[in-house]
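**Student:**
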Amino acid sequence: MPSAAELKEEILRLKEERSAVILAHNYQIPDIQDVADFLGDSLALAIKAKETEAKTIVFCGVDFMAETAAILNPDKTVIIPDTRAKCPLAGMVDAGGLKELKEKYPDAAVVSYVNTTAETKALSDYCCTSANAVEVVAAVPNKKVIFTPDRNLGAYVKRFVKDKEIILWPGFCATHDALTADDFLRLKKLHPDADLMIHPECRPEVIDIADYVFSTGGMLKHARSSPKKEFIVGTEKDMAYRLRKECPDKTFYAIEKAVCPTMKKITLENILKALENMGPVVKIPEDIAEKARLPIERMIEIGRGSRTG
Ligand code: SF4
Numbered sequence: 114m115p116s117a118a119e120l121k122e123e124i125l126r127l128k129e130e131r132s133a134v135i136l137a138h139n140y141q142i143p144d145i146q147d148v149a150d151f152l153g154d155s156l157a158l159a160i161k162a163k164e165t166e167a168k169t170i171v172f173c174g175v176d177f178m179a180e181t182a183a184i185l186n187p188d189k190t191v192i193i194p195d196t197r198a199k200c201p202l203a204g205m206v207d208a209g210g211l212k213e214l215k216e217k218y219p220d221a222a223v224v225s226y227v228n229t230t231a232e233t234k235a236l237s238d239y240c241c242t243s244a245n246a247v248e249v250v251a252a253v254p255n256k257k258v259i260f261t262p263d264r265n266l267g268a269y270v271k272r273f274v275k276d277k278e279i280i281l282w283p284g285f286c287a288t289h290d291a292l293t294a295d296d297f298l299r300l301k302k303l304h305p306d307a308d309l310m311i312h313p314e315c316r317p318e319v320i321d322i323a324d325y326v327f328s329t330g331g332m333l334k335h336a337r338s339s340p341k342k343e344f345i346v347g348t349e350k351d352m353a354y355r356l357r358k359e360c361p362d363k364t365f366y367a368i369e370k371a372v373c374p375t376m377k378k379i380t381l382e383n384i385l386k387a388l389e390n391m392g393p394v395v396k397i398p399e400d401i402a403e404k405a406r407l408p409i410e411r412m413i414e415i416g417r418g419s420r421t422g
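With the numbering used here applied, the sequence shown closes on residue 422, and no number is skipped along the way.
1. Between the stretch 281 to 295 and the stretch 312 to 325, can you find at least three pairs of beta-carbon atoms closer than 8 Å?
2. With DSSP run on the structure shown, which of helix, strand or coil describes Met205?
3. I believe Ser328 touches Asp154 by the beta-carbon criterion, under 8 Å. Please report the beta-carbon distance rounded to the nearest angstrom.
4. Check this for me: beta carbons of Gly347 and Phe285, under 8 Å apart or not?
5. If I measure Cβ to Cβ from Ile142 and keep anything under 7 Å in the same chain, skipping five residues before and after, which residues do I get?
6. Between which two residues does the beta strand (DSSP E) carrying Thr261 extend?
7. Rounding to the nearest angstrom, what Cα-Cα distance links Thr190 and Cys173 in this structure?
8. Determine which residues share a DSSP beta bridge with Ser225 and list them.
9. At 4 residues or longer, and completely inside the stretch 351 to 396: list those alpha helix (DSSP H) runs for me, N to C.
10. Comparing alpha-carbon positions, which option in Asp321, Thr380, Ala162, Lys168 lies nearest Ser116?
11. Round the Cβ separation of Ile170 and Val134 to the nearest angstrom and send it over; I've been treating them as touching at under 8 Å.
12. Just to confirm, does His289 get its C-beta within under 7 Å of one of the non-hydrogen atoms of the ligand SF4?
13. Where in the stretch 291 to 339 do unbroken runs of the beta strand (DSSP E), each at least 3 residues long, occur, reported from the N-terminal end onward?
14. Taking the alpha helix (DSSP H) that Phe177 belongs to, which residues open and close that run?
15. Return the bridge partner residues of Glu278 from the DSSP annotation.
16. Just to check, is the beta-carbon of Val227 closer than 7 Å to a non-hydrogen atom of the ligand SF4?
17. Using a Cβ-Cβ cutoff of less than 6 Å, which residues in the same chain neighbour Gly422 once the five nearest sequence positions on both sides are dropped?
18. Using the rule of at least 16 other Cβ atoms within 10 Å of the residue's Cβ for burial, across every protein chain shown, is Arg411 buried or exposed?
19. For Met114, is the classification buried or exposed, using 16 other Cβ atoms within 10 angstroms of its Cβ as the cut-off for buried?
20. Less than 7 Å between C-beta atoms, sequence neighbours within five positions excluded: which residues of the same chain meet that for Ala235?
21. Residue range of the alpha helix (DSSP H) that Thr233 falls in?
22. Using only the alpha-carbon positions, how far apart do Phe273 and Ile322 sit?
23. Within the continuous alpha helix (DSSP H) that includes Ile113, where are the two ends?
24. Would DSSP call Ile415 helix, strand or coil?
25. Would you say Tyr140 touches the ligand SF4, meaning its beta carbon is less than 7 Å from a heavy atom?
26. Quick one: what does DSSP say Thr169 is sitting in, helix, strand or coil?
27. According to DSSP, Met135 sits in a beta bridge with which residue or residues?
28. Pick helix, strand or coil for Thr421, following the three-state DSSP scheme.
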């Protein structure tokens, strides 16, 4: 059984040999963060996937992220090391139900969080990420918006966009939705000087007690620029590893129960295997990819201003 250090060395060697680039989400385990060429939130990773000159992208994240990279880059090979890494939030929208809602509100634009399947994106007018959801919904010309799939992110957008009727799809991220205000109040009591940074997939009552509401990229930007020395990280626990690495002079308190099990399906072992086999390759039917491309391109266009990594 090779050690983590041996696996990492072999991944880095094979990655060079294959001229591949490894993109990894901020929720990946520390060992994977260490071998990544680029780390980021979904928006930053989508932009990076588009910009990279590498012909092969090994995507260490969940299905919808790798699919987004594949849709944006039909000329590149996108590999996901474990096809079981499926985001349950993305799985909460069914195409039939969304079509019915569109028929009920024919003049509404559909804004879908990037955490959706390619099929849902193909039925959407715009995509957004947690970094630019408010900007995207505000920029939509329609007065009515169907927002899928995350009800908590949608409720957060509603706080800022008052001149539109926003119809929420009842989905949620089980990892963020399980975090309670008490979880954070306890940490805040232990670390009263720490800034409490909360991800907008958390429940409204958690948002209410936040000092700041940020995507993971926003958390990083804030931690880098803030004069504060301590931060409570209100999102998946491995984000704290990224923050500690980037800001070694500051202290970050993670919430240990905040674990995304599907992100953890990606391992050093299956990354190495993926590089050896050059697969599994992410494949999207061309008719769906073509329809899904426009809402993603719109998201990137609106999101360039909020690029944070
Ligand atoms: Fe999906 Fe939540 Fe995991 Fe993100 S943290 S990949 S939204 S289940």
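Backbone N, C-alpha and C define an ideal beta-carbon position, used for all residues, glycine too.
**Tutor:** Reading it off the structure:
1. In short, these stretches touch, since the Cβ pair count reaches three.
2. Here residue 205 corresponds to residue number 92 of the sequence shown, with the count starting at 1. Correct three-state label for Met205: helix.
3. As a first step, residue 328 is located in the sequence shown; it is residue number 215 there, counting from the start. As a first step, residue 154 is located in the sequence shown; it is residue number 41 there, counting from the start. Under the criterion of beta carbons closer than 8 Å, Ser328 and Asp154 qualify as touching, at roughly 5 Å.
4. The residue you call residue 347 lines up with position 234 of the sequence shown. The residue you call residue 285 lines up with position 172 of the sequence shown. It is not a contact, given that the beta carbons lie outside the stated cut-off.
5. Residue numbering aside, residue 142 sits at position 29 when the sequence shown is read from its first letter. The answer, listed in chain order, is Asp351, Lys377.
6. Locating residue 261 in the sequence shown gives position 148, counting from the first residue. Looking at the DSSP string, the run of the beta strand (DSSP E) that includes Thr261 is 257 to 261.
7. Taking the sequence shown and counting its residues from 1, one reaches residue 190 at position 77. Taking the sequence shown and counting its residues from 1, one reaches residue 173 at position 60. About 14 Å.
8. Looking up residue 225 in the sequence shown gives position 112. Cys240, Thr261, per the DSSP bridge assignment.
9. Listed in chain order, they are 352 to 359, 381 to 390.
10. Along the sequence shown, read from residue 1 onward, the residue named residue 116 stands at position 3. Sorting Asp321, Thr380, Ala162, Lys168 by C-alpha distance to the C-alpha of Ser116 places Thr380 at the top.
11. Here the question's residue 170 lines up with position 57 in the sequence shown. Here the question's residue 134 lines up with position 21 in the sequence shown. About 6 Å separates the beta carbons of Ile170 and Val134, which is inside the 8 Å limit, making them a contact pair.
12. Here residue 289 refers to the residue found at position 176 of the sequence shown. Yes, the ligand SF4 has a heavy atom inside 7 Å of this Cβ.
13. Segments of the beta strand (DSSP E) lying fully in the stretch 291 to 339: 308 to 311.
14. Mapped onto the sequence shown, residue 177 falls at position 64. Unbroken alpha helix (DSSP H) run through Phe177: 176 to 185.
15. Against the sequence shown, residue 278 aligns to sequence position 165. Residue pairing by DSSP places Glu278 opposite Lys257 in a beta bridge.
16. One-based indexing of the sequence shown puts residue 227 at position 114. Incorrect: Val227 has no Cβ contact closer than 7 Å to the ligand SF4.
17. Translated into positions along the sequence shown, residue 422 becomes position 309. Note that Gly422 has pLDDT 44, beneath the 50 cutoff, so the model's placement of it is unreliable and the number below is only indicative. Short of 6 Å from the beta carbon of Gly422, and not among the five residues preceding or following it, lie these beta carbons of its own chain, in chain order: Gly153, Ala157, Gly330.
18. Along the sequence shown, read from residue 1 onward, the residue named residue 411 stands at position 298. Answer is buried; the Cβ neighbour count reaches 16.
19. In the sequence shown, counting from the first residue as 1, residue 114 sits at position 1. In summary, Met114 is exposed, with fewer than 16 beta-carbon neighbours lying within 10 Å of its beta-carbon over all protein chains present.
20. Numbered from its first residue, the sequence shown carries residue 235 at position 122. Around Ala235, the same chain offers Ile401, Lys404, Ala405 as residues with beta carbons nearer than 7 Å, after the five sequence neighbours per side are excluded.
21. As a first step, residue 233 must be located in the sequence shown, where it is residue number 120. 231 to 235 is the span of the alpha helix (DSSP H), which, as asked, contains Thr233.
22. As a first step, residue 273 must be located in the sequence shown, where it is residue number 160. As a first step, residue 322 must be located in the sequence shown, where it is residue number 209. Cα to Cα, Phe273 sits roughly 17 Å from Ile322.
23. Since the first residue of the chain shown is 114 and the last is 422, residue 113 is not available in this structure.
24. Locating residue 415 in the sequence shown gives position 302, counting from the first residue. In this structure, DSSP gives Ile415 a helical state, which the three-state scheme calls helix.
25. Working through the sequence shown from its first residue, we reach residue 140 at position 27. Checking the Cβ of Tyr140 against the ligand SF4 gives yes.
26. What you label residue 169 is simply residue 56 of the sequence shown in a count that begins at 1. Thr169: strand per DSSP, three-state reduction.
27. Your numbering for residue 135 matches position 22 in the sequence shown. The sequence given here places Ile at residue 135; Met does not occur at that position. Beta-bridge analysis with DSSP links Ile135 to Val171.
28. The residue you call residue 421 lines up with position 308 of the sequence shown. Per-residue confidence for Thr421 stands at a pLDDT of 42, beneath the threshold of 50, marking its modelled position as unreliable; no derived number is given.
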